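Just below is one structure, and these are the notes that go with it.
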Amino acid sequence: MAVTLMRQESTAIFDAFADAPEACMIGELYQEDQTEALQFLAARPIHTVFMSSLIRDNGLTSPHNRGSFYACRDPQGNLEGIGLLGHATLIEARTEGALSAFARLLRNCFNAQLIRGEREKINQFWKLYASADQEPRLIWRESLLEQKEPPTPMEPVDDLRPATLDDLDQVLKVNAGLAYQERGMNPFSTDPEGFRRRTARRIEQGRVWVWTQAENLIFKADVMAETPPATYLEGVYVHPEERMKGYGRRCLTQLSSILFARTGSICLTVDQRNKKALAFYAKAGYQFRGDYETVYFQ
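In structure tokens form, the structure reads like this:
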């Protein structure tokens, strides 16, 4: 398992939590559960796109998931929730009992660094998870935005292309800067080998798009998750000296047109304090879908 638990690690089904709102059972998901898991997550595709994409890419059990998938079931065996517990914890819980069960399980996870999701659910989860004196290291508030239709074409960017490993160092530098801006932590310092390996794999999957001129990186976007109903973008970047020239919108419009050939919608999150970015995406055709929150643990 990629997730490290303090106890009960070898048990397939964890007992129902006695004081949870409703009785439920937690069990790890395995490859034979993949169809059921994807069907459950498909009910809310833009909210579950990251988990669904990991399952499609890697299966339910893989070190690439950086965690383990668990299911919460009612006494009749019906799914009430699915969670990815590990470095980045994600929860899709349909009942309060499922949310409570995942919160209790996460307390036993050594390597959990953050939890992310819809703000109301994350706030409720934190109350169930944290001890009375426990405070998060950082809370990052974002808006979830979605584009449902291909945008109106603009002047094409002929050299917009999937990145190659020759672009790796430039992509790493930009992504490290974005990570430091958000979390106050530099992945070159905290996990240099893993950071490089994961970025290289994403490039090899064709999920990093760049526009370079004279070996300078002008535009970049990472396709962090991709499924038939939804695709999730992250790390959209325009070189500071090339901003306010229309390059960002032209590149994003062209990339969106490419992605819409194989997906039903495109979504991303934006820092709610970044009014310029919110205005940029609104102009590009993105619409608000919900308040999101990332809680970074101490």
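Position one of the sequence shown corresponds to residue 4 (our numbering), numbered consecutively onward. Ideal Cβ placement from N, Cα and C applies to all residues, glycine included. Note that this is a predicted model, so its numbers are computed, not measured.
Taking the CA atoms as reference points, Asn114 sits about 21 Å from Gly84. Taking a C-beta distance under 9 Å as the contact criterion, Ser71 and Leu88 qualify as a contact pair. For Arg204, the closest of Ala182, Leu168 and Asn219 by C-alpha to C-alpha distance is Leu168. Among the bridge pairs identified by DSSP, Val241 is matched with Phe222.
Ranked by Cα distance from Gln275, the first of Ile261, Arg265, Ser268 and Phe291 is Phe291. Cβ-Cβ distances below 6 Å link Val239 to Ala224 in the same chain, with the five nearest sequence neighbours on each side left out; the list follows chain order. Taking 9 Å as the cut-off, the beta carbon of Val52 is found no closer than this to the beta carbon of Ala287. Distance from the CA of Gln116 to the CA of Trp212, rounded to the nearest whole angstrom, comes to 28 Å.
The alpha-carbon separation between Ala40 and His67 amounts to approximately 18 Å. Listed as beta-bridge partners of Gly70 by DSSP are Gly89.
Under DSSP, Arg164 takes part in a beta bridge, and its partners are Val213. Within a 10 Å sphere around the beta-carbon of Glu244 sit fewer than 16 other beta-carbons, which makes this residue exposed. Listed as beta-bridge partners of Ser146 by DSSP are Val273 and Asp294. Between Gln42 and Lys248, the alpha-carbon positions lie close to 43 Å from each other.
Looking at the DSSP output, Cys27 bridges to nothing. Around the C-beta of Asn178, 16 or more other C-beta atoms lie within 10 Å, and the residue is accordingly described as buried. The straight-line gap separating the alpha-carbon atoms of Gln208 and Glu145 is approximately 27 Å. When rounded, the separation of the alpha-carbon atoms in Val273 and Gly251 is 15 Å. DSSP lists Leu93 and Thr297 as the beta-bridge partner residues of Arg119. Counting along the chain, the unbroken alpha helix (DSSP H) around Pro48 starts and ends at Pro48 to Asn61. Leu102 carries a helical assignment under DSSP once its states are collapsed to helix, strand and coil.
For the 9 Å CB-CB criterion, Arg107 and Tyr299 do not form a contact.
Taking 9 Å as the cut-off, the beta carbon of Ile221 is found no closer than this to the beta carbon of Val174. By DSSP's assignment, Gly251 forms no beta bridge with any residue. Taking C-beta separations shorter than 6 Å and ignoring five residues to either side along the sequence, the partners of Gln301 in its chain run Arg140, following chain order.
Residue environment for Glu35: exposed (fewer than 16 other C-beta atoms within 10 angstroms of its C-beta). Just so you know, the alpha carbons of Leu102 and Ala133 end up roughly 13 Å apart. By DSSP's assignment, Glu229 forms a beta bridge with Thr234. DSSP places Glu35 within a helical segment (H, G or I) once states are collapsed to three.
For Arg97, the closest of Ala91, His90 and Gly86 by C-alpha to C-alpha distance is Gly86.
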